[in-house]
Each structure stands twice: as structure tokens, then as C-alpha cells.
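Everything on this sheet refers to the single structure shown next.
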Amino acid sequence: MPSALINVPKKAKRGDVIEIKTLMSHIMETGYRHTASGDVVPRDIITSFTCRFNGTEVFRADLYPAIAANPFITFFTTVTESGKFEFEWIGDKGFSETAQASITVE
Amino acid sequence: MRIGACIVLLTAMAGAALATEIPPDQRRSGYSFMSPDTKAMQDEDTANPGMLSVLDGEALWKRKAGSADKACADCHNDARVSMKGVAAHYPAFAKALGRPVDLEGRINLCRTNHQQASPFAYESRELLALTAFVAQQSRGLPIAAGDDPQLAPFVDKGHALFMQRQGQLNLACANCHDDNWDKKLAGSAITQGQPTGYPLYRLEWQSLGSLQRRLRACITGIRAQAYDYGSPELVELELYLMSRARGMPIETPAVRP
Chain G
1041 MPSALINVPK KAKRGDVIEI KTLMSHIMET GYRHTASGDV VPRDIITSFT CRFNGTEVFR
1101 ADLYPAIAAN PFITFFTTVT ESGKFEFEWI GDKGFSETAQ ASITVE
Chain Y
17 MRIGACIVLL TAMAGAALAT EIPPDQRRSG YSFMSPDTKA MQDEDTANPG MLSVLDGEAL
77 WKRKAGSADK ACADCHNDAR VSMKGVAAHY PAFAKALGRP VDLEGRINLC RTNHQQASPF
137 AYESRELLAL TAFVAQQSRG LPIAAGDDPQ LAPFVDKGHA LFMQRQGQLN LACANCHDDN
197 WDKKLAGSAI TQGQPTGYPL YRLEWQSLGS LQRRLRACIT GIRAQAYDYG SPELVELELY
257 LMSRARGMPI ETPAVRP
């Protein structure tokens, strides 16, 4: 079911500091837990999150096993022109998801 | 230290007069006991992880299933219209069974009878997602469960279970959630046990969970044998709790610590 919830303001004034909020659906299995029979539950986490604005990277985060399920990542940035934010989550077992959101700068 | 504190609290509870019901004007959703951060998480749909399941449920609503090859939407059309206020009336009386069923039970009945598909397992991703999607259509509407006169004996049974001391700790639901809801247990608010936001996203679970899961966790906590998922006792408890919360707004999908 991987799906993302993105909150980017639709409009902003040039140079405004804006907050971007992202929520990605993921179990974030630590790799430290065991089943009832003693087998290790293999690690399955998101390892990297990237945000690009019009192709230029503006934010990046590395994620680790201590991060809770469904990682909620928020950050601030400034915008000087209209354009498109592209978000990318990469993780174990070939996990790769993208999302995008546009903003109009007045 | 903690065991000592528990003993002190339990002794205090044993001494307290049993079961004065909470007056309607003093009823409080679990929301009001939460930290500002957790409240903010519930309030904003793009920060509320329960909304991921609601979106998932919306997709399931439109997906054809079973040998009847029908989707929920094929009979019920747009859930925003057809399911508005439905969750506020559950658990509801099922004529064919002669007993109340909760929303999860109703969805599974629909699957077996009308879609001719296998029922979803309790607490499965699909069942929680569909239930959350249906219940979210009633968000903000007042709870109206238990009005059906046919339900009266089952509300009474649920009430009796709520008042029944059980388990190694010999506690009834009422000992905490009627008599001591304004106090704390091991640093956490006890709360009134108002089922306003189920299925809800619990941070401790790191996932969505049903009211039955919450009840089973509580029953295990008093060291009693928990009723099985879908058992009549759990549905009766759900029914009593919903009728006890009559008039309080539905918050699904809520977030709780």
C-alpha cells in the first residue's frame, strides 16, 4: 500500500520560509526483533529521503532502525521561483517511492 | 518503586466506592488527555498516520472482490454519502444473527454474503483500512449507538461486563475508567475509555488498531484471560462503551499515545 501524504503550501511570496511536511507509509522493521520461534525478523527500513526543487537537492536525510513506523519528516526551505518539489524515499528490499508537489511563487 | 506505586494505587482503588458513572457534562475524549504534539498529529490530515489507512481503505472500497466480483462501491456507491453517520450507530443489531455486530463484523458479513469472498482476518491491514475509511465518513458526528430497543439486553450485558471485577488484579473496567479517570497510572493518564476514535493510530502500536485490540490489551493488563477477537463479549463491551459515549463526536482516525 505504499503511499505518501505531502503538505506543501500551494502559494508563497518570493523568499518566504515555507514548511514542508511529508508522511510515508512504511513498517520500519528494525532487524532486531525475533519471531516466537527465535528467527530474526529481517531489517526492512527506509534508508534515505531526498527532496529536490526544480532538480536541485534542497534536503536529504538518512534514516536508521530507531525511527518509528510511517516516518514523518518536516523541514523548512525558501523559494524564489515557482516550481516543483520532488520527494524520493529509498529503502531495503528495493523500496523506492516518489511523490511531487507544485508551488506558485508570487 | 513502580510496584510500590501500583500497590498504593490499587489499595486506594479497592477502598474507593465502586462505580459512580461519569456525568454527561464531565465526559472527555482521550484526545483531551494528550500532549499538544500528539493533538497536532491527529488534527492535521497530512500528519495523521491513520490517514494512510483511510486512503488505503478508499482504494479497497472500489476494488472488486470475491466470486460475485463486486466492490463495496457497486452497491453502496459513494461512501461519502452512503456511509455518512453509519459508524456512529455501530455496533448495530444484526437480525439474521440475533445479536449485535460491530463495524468490522458488518464489513466481514458483507464480504461473505454479498461479495462471496473470504472474510478479512481481525486486525488485518485490509479490515482496519476499510473500517477506518467507513468510520471516517462519520467524523465529527455524534455517537448514536445503542438506541435500537432490540439492543437493550446486550447493552446491559456489556454494562455488567464493564462492572465485573476479573483477573489476578481483580479489577473491573469501572475501577479505572469510571472511578479514577482523572488520575495517572505509571505516568500515563488513565482516561475515561471513551471509544470515540476507533480504529485509531496508536503510537505504541506503530499501527492502526481496533477497539477490540484495545479492550484485549486492557484485559490482559488486569491479568485476565482476554476474549477472542469477534467474541460476543467483546462486541457487547464495545456496544456498552459506545452507548456510554452517546453524543460525543467521532474522531476516526484518532491518534493516541
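Residue numbers (my numbering), protein chains in the order written: chain G, 1041 to 1146; chain Y, 17 to 273.
Don't be surprised by glycine CBs; every beta carbon is placed ideally from N, CA and C.
inquiry  = Please list, in chain order, the chain G residues whose beta carbon lies closer than 9 Å to that of Ala63/Y.
reply    = Leu1045, Asn1047, Lys1061, Leu1063, Phe1112 and Thr1114
key: At least three beta-carbon pairs within less than 8 Å, the segment 1091-1102 of chain G to the segment 1120-1129 of chain G   = yes
For Ala168/Y, three-class secondary structure by DSSP = helix
query = Which whole runs of the beta strand (DSSP E) in the segment 175-219 of chain Y are 3 residues long or more, in chain order?
reply = Taking only runs of at least 3 residues, the beta strand (DSSP E) segments lying wholly in the segment 175-219 of chain Y are 216-218.
request  = Find the nearest neighbour of Gly114/Y within the set Gly162/Y, Pro65/Y and Gln166/Y, judged by alpha-carbon distance.
outcome  = Of Gly162/Y, Pro65/Y and Gln166/Y, the residue nearest in Cα terms is Gln166/Y.
request  = Alpha carbon to alpha carbon, how far is Tyr256/Y from Cys192/Y? Give it in angstroms, no decimals.
outcome  = 16 Å
message = Let me make sure I understand the geometry here. Which of Met50/Y, Cys189/Y and Pro107/Y has the alpha-carbon closest to that of Thr294/Y?
response = Residue 294/Y lies beyond the residue range present for chain Y, which begins at 17 and ends at 273; the question has no answer from this structure.
Per-residue contacts from Gln152/Y into chain G (C-beta, under 9 Å) = None at all; the shortest Cβ gap to chain G is about 14 Å.
request  = Note down, in chain order, every chain Y residue with its Cβ under 7 Å from the Cβ of Ala1109/G.
outcome  = Gln222 and Ser223
query = Of the choices Asp53/Y, Ala176/Y and Pro135/Y, whose alpha-carbon is the least far from that of Glu249/Y?
reply = Ala176/Y
request  = Could you have a look at Ala242/Y and say whether DSSP puts it in helix, strand or coil?
outcome  = coil
Residues near Phe1099/G by beta carbon distance below 6 Å, same chain, minus five either side = Cys1091 and Phe1115
Of the listed residues Gly156/Y, Arg229/Y, Ala242/Y and Ala108/Y, nearest to Ser259/Y (C-alpha basis) = In this structure, Ala108/Y is the residue among Gly156/Y, Arg229/Y, Ala242/Y and Ala108/Y with its C-alpha nearest to the C-alpha of Ser259/Y.
query = Can you name, in chain order, every residue of its own chain whose Cβ lies under 6 Å from the Cβ of Ser1136/G, other than the five neighbours on each side?
reply = Ile1130
task = Could you spell out where the alpha helix (DSSP H) holding Gly66/Y opens and where it closes?
result = Gly66 to Lys78
task = Starting from Asp1149/G, follow the beta strand (DSSP E) in both directions and report where the run begins and ends.
result = Residue 1149/G falls outside the range modelled here, since chain G spans only 1041 to 1146, and no answer is possible.
ask   = Can a CB atom of chain G be found closer than 8 Å to the CB of Leu68/Y?
value = Yes, Leu68/Y counts as interfacial toward chain G.
task = Using three-state DSSP, classify Val102/Y as helix, strand or coil.
result = In the structure shown, Val102/Y sits in coil (DSSP, three-state: anything other than H, G, I, E or B).
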